[in-house]
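Residue numbers (my numbering), protein chains in the order written: chain A, 814 to 1140; chain B, 4 to 183. Think of the CB as a built atom: it goes at the ideal place given N, C-alpha and C, for glycine as much as any other residue. Inspection log for the structure reproduced underneath, given as structure tokens.
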Amino acid sequence: MVMEIVCPAGTPAALRAAVKAGAHTIYCGFADETNARNFPGLNFDRSEMRDGVAFAHTHGAKVLVAINTFPRAGEEVIWHRAIDDAAASSADAVILADLGLLNYAAQNHPDLRRHLSVQAAAANADVINFYAEAFGVKRVVLPRVLSVPEIAEINAETEVETEVFVFGGLCVMAEGRCSLSSYATGLSPNMNGVCSPASHVEYSDDQGVLDARLGGYTIHRVGKNDPAPYPTLCKGCFNASGKSSHLFEDPVSLNAERLIPQLQQAGVAALKIEGRQRSRSYVAQVVRNFRAAVDALEAGHPLPEGMLARLSEGQAMTTGAYKKTWR
Amino acid sequence: MPQSPVQIPRFPQALAYPLRFMPLVPLSASLTAYSRRISKSHPELFRRLGAHGHTRFVLDPTDLPFVMLLDPNGGTPRVTVIRGAGEGAARIAGPLAALLGLVHGAYDGDALFFSRDLVIEGETAATLALRNAVDDAELDLSQEILNLSGPLANPLQRLLAFLERRTGVCLTRPDEVEIW
């Protein structure tokens, strides 16, 4: 079976670009705190979501609506309405992380397919099977901390489809539980849908020396010949124990395109591209590349050479945890 | 060295130099009228700016001897061209070709930023909102001009296509090819 390419769309234009570039499936979110990419100028209002789903369906593609933040106590209705509106827009599935929202969707929209977001950090077969039994979850987006053999082991022990990230920003934290952004800004991807919110990010360029600040703290400074720094604490560069280094993560981007055959052998159903915050140009280029790769694999041809390095965050690539080489 | 995602053409210095003496008031008036026309044909662009609909942006084509101050003004935009650095809440600087390529969706803003082809300063949230709003609007600046050109539209279109081929600057919105 052809592996499904699941592509990001931060805007209706990006959705159309992804569909035209060959995406099997597009994921997107409403323009509010119900999704983990709640950035300025991004996302869909209700009318745009309906139109986007209709456009995708007309072209044979599917749309998944990410409602993957955790509701604030007493404000659940905002998240419930998002699920209701995703169902009303004829979306093919919702991507959820919160137990209460999974239960709400299962009770109120039993025919709406439920996917488990990476924000749920479900990293073993036991917990995945729990979500399937309790809430009818059909697919899980696996955290970016598993090796290919570990993914194969999970697939051997569950009927739930697995979807894995293959390209884009790399988060190796326990997703849905990371508080780094909150420490510096008071806002988090988990509750507010923003990791390192743009309102708290500031860059200043002084004759080529570029400072990145988050919440007033300088988290990285680079010279004029270096790539611009990424504005998250986890990829910041800090002085500790007498040396300056990236304490949490190197500022590299995931690119697992060469591992697609192994991921297929491991039983992975879908390949996810990160980047709802990126442009329609990025979406189209990455989708074309990965669609060509899975089609080549299906046809028994060698994988085409990748052309994606220059689109990466930090301009450096890694295969992440899929091939573990811990420092 | 950071790797540029694309080869970005630079405006020729020999042509930029005379622009130092160009009167800026008529240019400001023309660009304001032009931006208001765009705001009429793409109202969603200004809606996407949300809370940043009254933020002043400094657009700095680094290979030209002036900057543009863009006041979205809630959908009735105003463009003021000045010499010098200019003041605004957010500054976006890069070669003219990079800025035009971004507007037309030919380049990815993040990739240009990481490669240092583009510099952003000031309110990052406002810059992000503008970038996302423009990317979604699928603008074609040349087409907007052609729509105003009446009988001159056809020769002007050929001239723009010629300039685009010769300079490598993205003057129009690239066609999206439906490949599957």
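Worksheet item: Grouping DSSP H, G and I as helix and E and B as strand, with all else coil, what is tryptophan 183 of chain B?
Response: Because the pLDDT at tryptophan 183 of chain B is just 49, under 50, the model does not fix this residue reliably, and the value given afterwards should be weighed accordingly. Three-state result, tryptophan 183 of chain B: coil.
Worksheet item: How would you call glycine 1021 of chain A, buried or exposed, if buried means at least 16 neighbouring beta carbons within 10 angstroms?
Response: exposed
Practice prompt. Please look up how many angstroms separate the CB atoms of arginine 59 of chain B and leucine 72 of chain B, rounded, as I've assumed it's under 8 Å.
Written response: 6 Å
Practice prompt. Check the Cβ-Cβ distances between serine 44 of chain B and every residue of chain A, and say whether any is below 8 Å.
Written response: At least 8 Å separates the CB of serine 44 of chain B from every CB of chain A.
Practice prompt. Anything in chain A within Cβ reach of alanine 19 of chain B, meaning under 7 Å, just list it in chain order.
Written response: Correct list: empty, because the minimum Cβ distance to chain A is about 21 Å.
Practice prompt. Tell me the start and end of each unbroken alpha helix (DSSP H) in the segment 934-986 of chain A that is at least 4 residues and wholly inside, in chain order.
Written response: 938-948, 961-969
Fill in: Selection from B:Pro154, B:Ile123, B:Cys173 that minimises the alpha carbon distance to serine 145 of chain B
B:Cys173
Discussion item. Residues of the segment 91-113 of chain B in Cβ contact with chain A at a cutoff of 7 Å, in chain order, please.
Written reply: Gly108, Ala109, Tyr110, Asp111, Gly112, Asp113
Practice prompt. State the CB to CB distance for the pair lysine 1048 of chain A and glutamate 1062 of chain A, rounded to an integer number of angstroms; the pair is presumed to be in contact (CB under 8 Å).
Written response: Separation of the CB atoms of lysine 1048 of chain A and glutamate 1062 of chain A is rounded to 5 Å, and the pair is thereby assigned contact status at 8 Å.
Worksheet item: With a CB to CB cut of under 8 Å and the five nearest residues on each side skipped, what residues in its chain are close to asparagine 135 of chain B?
Response: Arg51
Worksheet item: Which term fits histidine 55 of chain B, buried or exposed, when burial requires 16 or more other beta carbons within 10 angstroms of its beta carbon?
Response: Classified as buried, histidine 55 of chain B has 16 or more neighbouring CB atoms from the shown chains inside 10 Å of its CB.
Discussion item. Classify lysine 1037 of chain A: buried if its beta carbon has 16 or more other beta carbons within 10 angstroms, exposed otherwise.
Written reply: exposed
Practice prompt. Please go through the same chain and pick out, in chain order, the residues whose beta-carbon is closer than 6 Å to the beta-carbon of leucine 142 of chain B, but skip the five residues on each side of it.
Written response: Excluding sequence neighbours, leucine 142 of chain B sits near Val106.
Discussion item. 8 Å is my cut-off, CB to CB: does aspartate 138 of chain B come that close to chain A?
Written reply: For aspartate 138 of chain B, the answer is yes, since a Cβ of chain A falls inside 8 Å of its Cβ.
Practice prompt. Helix, strand or coil for alanine 129 of chain B, going by three-state DSSP, please let me know.
Written response: helix
Practice prompt. Could you check the C-alpha separation between asparagine 1005 of chain A and alanine 88 of chain B for me, to the nearest Å?
Written response: 35 Å
Practice prompt. For the beta strand (DSSP E) containing glycine 97 of chain B, list its first residue and its last residue.
Written response: 93-97
Worksheet item: Are the beta-carbon atoms belonging to asparagine 57 of chain B and proline 75 of chain B less than 8 Å from one another?
Response: Per the sequence shown, residue 57 of chain B should be read as histidine rather than asparagine. Cβ distance < 8 Å, so histidine 57 of chain B and proline 75 of chain B count as in contact.
Worksheet item: chain A partners of valine 122 of chain B, CB-CB under 7 Å?
Response: Asp1018
Practice prompt. Could you check the C-alpha separation between glutamate 1111 of chain A and glutamate 1070 of chain A for me, to the nearest Å?
Written response: 14 Å
Discussion item. For lysine 1056 of chain A, count the other beta carbons within 10 Å of its own beta carbon; 16 or more makes it buried, fewer makes it exposed. Which is it?
Written reply: It is exposed - the Cβ of lysine 1056 of chain A has fewer than 16 other Cβ atoms within 10 Å.
Worksheet entry | Nearest-angstrom Cβ-Cβ length linking arginine 952 of chain A and histidine 928 of chain A, presumed shorter than 8 Å | 4 Å
Discussion item. According to DSSP, glutamate 124 of chain B sits in a beta bridge with which residue or residues?
Written reply: Answer is B:Arg94, bridged to glutamate 124 of chain B.
Item to complete: With DSSP as the reference, label threonine 83 of chain B as helix, strand or coil.
Response: Threonine 83 of chain B: strand per DSSP, three-state reduction.
Worksheet entry | Three-way DSSP call (helix, strand, coil) for arginine 1034 of chain A in this model | strand
Item to complete: Note down, in chain order, every chain B residue with its Cβ under 7 Å from the Cβ of arginine 1093 of chain A.
Response: Gly108, Asp138
Worksheet item: Can you name the start and end residues of the alpha helix (DSSP H) that methionine 862 of chain A belongs to?
Response: 859-871
Practice prompt. Give the range of the beta strand (DSSP E) segment to which tyrosine 1016 of chain A is assigned.
Written response: Here the beta strand (DSSP E) through tyrosine 1016 of chain A covers 1014-1019.
Practice prompt. Using a Cβ-Cβ cut-off of less than 9 Å, list which residues of the segment 990-1024 of chain A approach chain B; keep chain order.
Written response: Pro1010, Ala1011, Ser1012, His1013, Val1014, Glu1015, Tyr1016, Ser1017, Asp1018, Gly1021, Leu1023
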